[in-house]
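Just so you know, the sequences run in chain order A and B. Read the first sequence against the numbering used here and you will find it ends at 281, with the numbers running on by one and no gaps. Read the second sequence against the numbering used here and you will find it ends at 562, with the numbers running on by one and no gaps.
There are 2 protein chains.
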Amino acid sequence: MDNLTNKTWRPLRPGGSKIMKKIKTGKLIGVSLGPGDPGLITRQAWELLSQDHFWTYPVRARKSDSYALSIVLRAGLQLPEKSSALVFPMTHDLEKLAKHWLIAAETVLPILQSGQDVLFLVEGDASTYSTFGHLAKTVVGLDDSIHVETIAGVSSFNAAAARLDTPLAEVDETMAILPAGYGIPTIDKLLDDFDTLVLLKVKPILDDILDLLEQRDLLAHTQFIEKAGTEEERIVKDVASLRGETVNYLSLMLVKNVRRVRGEIKRGCRKKPDEMAEATN
Amino acid sequence: MDNLTNKTWRPLRPGGSKIMKKIKTGKLIGVSLGPGDPGLITRQAWELLSQDHFWTYPVRARKSDSYALSIVLRAGLQLPEKSSALVFPMTHDLEKLAKHWLIAAETVLPILQSGQDVLFLVEGDASTYSTFGHLAKTVVGLDDSIHVETIAGVSSFNAAAARLDTPLAEVDETMAILPAGYGIPTIDKLLDDFDTLVLLKVKPILDDILDLLEQRDLLAHTQFIEKAGTEEERIVKDVASLRGETVNYLSLMLVKNVRRVRGEIKRGCRKKPDEMAEATN
C-alpha cells in the first residue's frame, strides 16, 4: 500500500512555499437512496448527488447492472464521468468477499487521497444489510486518515410497512428483523417476545413459515411484499396463496403477532424505577 | 367539534348542477420527516409539503410546540394557513388516548370529506412508533371511504446508526428494536438471538442495563445517542460514564452483540431448501 499512501503527499512545486502541505483527503460518503422509489431519496442525498463528486456504485459482476444506480437514474440524474462500478459478488464465501472489499477499497482510496469526496450509492439504508460498512472498514484499514460519513435512508422494511399501511411498531411494541433462514424454531420462539417480525429472504423456507403461521393462527395477520415501492411491487395479503411459489429474493414478510401476551413482570418493568428495580432483581 | 364539522361541508350552490355529485374525498397522508435533520426529509415528502395541502401536526398539549412541525420549519418551509395542531397527550391511559384520537379524527374528517388532502406531519417514520396509525384507523373507522397513504421516512435508529458509523445489521445478522422497559431478563434473553439490539427509552433502567452489559462484556460494543441528527445531538461512546445520569427521553442505545454464537441448526437453516427442510423438521 505504500505507493498508494505516497500519492497523498504532493510536495509543493519548486518555487512554492517551502512548508510541506498535506492535501486534505476526501470523505467516503455512503449515500442511502431508499429501497427503489426515487421519491424516497432524502434531500441530503439528492444534494450530494447534484454536486460534483465521484460516484461509486455496487454491481454483482463486472457487466451487471447496479440496482442502486438505477434508482438515481430513474430519479432523472445522469451518471457522471467521474464514476466507477465496484464489484461485490453475491456469495457467502468470506475470503472471496474480503478480496473484493479490498479491490473496491483500493479503487476508491487514491481518489479520496487526491482530495475528492467519493459517494457510494446504496439501495435502502447504508447501515442496514449494506456493503457500505465493509467498504468503509476496508478503506479506513488501508488509510486511517480517511473520514467516513453515512447518510441515513429509508430502509426496505420501513417502505414495506408504509406500502402495506401496517405499523411496524406502536407504543411499547417490540420488533425484530431477521433473515428467515434462521429457521422455524427460531421464528417460533421469537414470536413470544415480538409484536412484529420482519422476515427477510423468505424464499427458501416459505412453506415452512406458512405452516408455522397457520399453527399460530397468524396467517390473517401476515402480509408479503416484493420490491416495495418500485414499479414491480407486488403485495400479497392472502399469504397462504404463496404456498409452493418461488418468490423474489427482494421480498419480505411482515408478521403482526396480535395474540402476543406480555407477562406481568414485563409490565412491571415499564413502571417507575423503584418498582422496576424490584421486578428485575 | 360540531362547529368544525359544519365548516367543511359546502353544499352545492342553488343554480348549480341539479345532479348531486359526490365529492371525491381527500386522502389522509402520513408524511414522515425523519428524526430531525431537515436533510433527511425525502423528496416525496418535500413535494407534498410544497403543494397546497392542509397540514396537521401532533402536539402534546394545546399550547405545546410540535417537534414534527419544527423539522419542517427548520427546513425553511412556512406553516400554511390551512393547518391545525392535533393534540395527542403523553399518556399510557388508553381511554384518554382513544378520546384524543377521536377528537383528532373528527377534526380532519370534514376536511377530507370536502375533497382536500390532509398531511399529517410525523417525526421519524410514520410506521414506527408513531401516532399516525391510530389517527388513520380512527378516521377510517368514522368513514371507510377515506383513503390513507403513508410516505415512508428515515427512522430514528437508522439515523442513529449512520451518525455512529455503526451498521445496524450486516449479512445474515438479526436485529431487534424494543423499549428497554421490558426489563433486564428480556434484554438478557434476546442477546442470545440478536446481533444488534436497539434499546429505546433507556432512561428508567439505564443503570441496570449497564450492569447487564458489563456482565456480558459488551460495554465496549455499546453506544448511546440522544436526538440523533439534530443540533442537540449527543453521542456517548463510553456508556459506563452514563451511570447515575438522567438521560433524555429521545435517546437510544445501540448494542452490538459481537460475541453472539449462532448455533449449528441455525446455520443449517441457511443452506439449500432440501437441507433446510431436514433441519427444521
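Think of the CB as a built atom: it goes at the ideal place given N, C-alpha and C, for glycine as much as any other residue. Owing to the predicted nature of the structure, the values given are computational and were not obtained by experimental measurement.
CB of Ile458 of chain B within 7 angstroms of CB of Val435 of chain B, strictly:
Using a Cβ distance threshold of 7 angstroms, Ile458 of chain B and Val435 of chain B do not count as a contacting pair.
Margin query: Using C-beta distances below 6 angstroms, list every residue in its chain close to Ile184 of chain A, excluding the 5 sequence neighbours before and after it, in chain order.
Written below: Asp208, Leu212
Exercise for review: Let me know if Val261 of chain A comes out buried or exposed under the rule of 16 or more other beta-carbons within 10 Å of its beta-carbon.
Suggested key: Exposed.
key: Start and end residues, beta strand (DSSP E) containing Val399 of chain B   = Per DSSP, Val399 of chain B belongs to the beta strand (DSSP E) from 399-403.
* To do: Give me whichever residues DSSP pairs with Trp336 of chain B in a beta bridge.
  => B:Ser364, B:Leu400
> Does the beta carbon of Met456 of chain B sit closer than 7 angstroms to a beta carbon anywhere in chain A?
Replying inline: yes
Element boundaries [alpha helix (DSSP H), containing Glu279 of chain B]:
What is shown of chain B runs 282 to 562, which leaves residue 279 of chain B out entirely.
- How would you call Met371 of chain B, buried or exposed, if buried means at least 16 neighbouring beta carbons within 10 angstroms? exposed
Interface residues of chain B facing Gln215 of chain A [CB-CB closer than 7 angstroms]: Simply none; closest approach about 13 angstroms.
Exercise. Could you tell me whether any Cβ in chain B is nearer than 7 angstroms to the Cβ of Leu28 of chain A?
Key: no
How many Å lie between Leu491 of chain B and Ala521 of chain B at the Cα? Leu491 of chain B and Ala521 of chain B: Cα-Cα distance of roughly 7 angstroms.
On the criterion of 16 or more Cβ atoms from any shown chain inside 10 Å, does Arg343 of chain B qualify as buried, or is it exposed? exposed
Checklist entry - Ile506 of chain B versus chain A: which residues are under 7 angstroms apart at the beta carbon? => result Correct list: empty, because the minimum Cβ distance to chain A is about 12 angstroms.
Please list, in chain order, the residues of the stretch 97-112 of chain A that have any C-beta partner in chain B closer than 7 angstroms.
none
Item to check | 7 angstroms Cβ cutoff, Asn248 of chain A in contact with chain B | outcome: Interface criterion not met: the Cβ of Asn248 of chain A is under 7 angstroms from no Cβ in chain B.
Asn248 of chain A: buried (16+ other C-beta within 10 angstroms of its C-beta) or exposed? exposed
Looking at the secondary structure, which residues open and close the alpha helix (DSSP H) in which Val420 of chain B lies? 413-423 is the span of the alpha helix (DSSP H), which, as asked, contains Val420 of chain B.
Next on the checklist: For a test of the three-state rule: what should DSSP assign to Glu226 of chain A, helix, strand or coil?
Outcome noted: strand
Problem set entry | Where Val261 of chain A sits in the DSSP three-state scheme | DSSP places Val261 of chain A in coil when its eight states are reduced to three.
*asked:* Looking at Val258 of chain A: is its Cβ nearer than 7 angstroms to the Cβ of His221 of chain A?
replied: Yes; because the gap between Cβ atoms is below 7 angstroms, this pair is in contact.
| said: Against chain B, does Leu168 of chain A count as a neighbour if the rule is that its beta carbon must be under 7 angstroms from one of theirs? | reply: yes
Just to confirm, is the Cβ distance from Ala68 of chain A to Leu121 of chain A under 7 angstroms? yes
Is it a yes or a no for the stretch 28-37 of chain A touching the stretch 110-128 of chain A, going by three-plus beta-carbon pairs under 8 angstroms? Yes, they touch.
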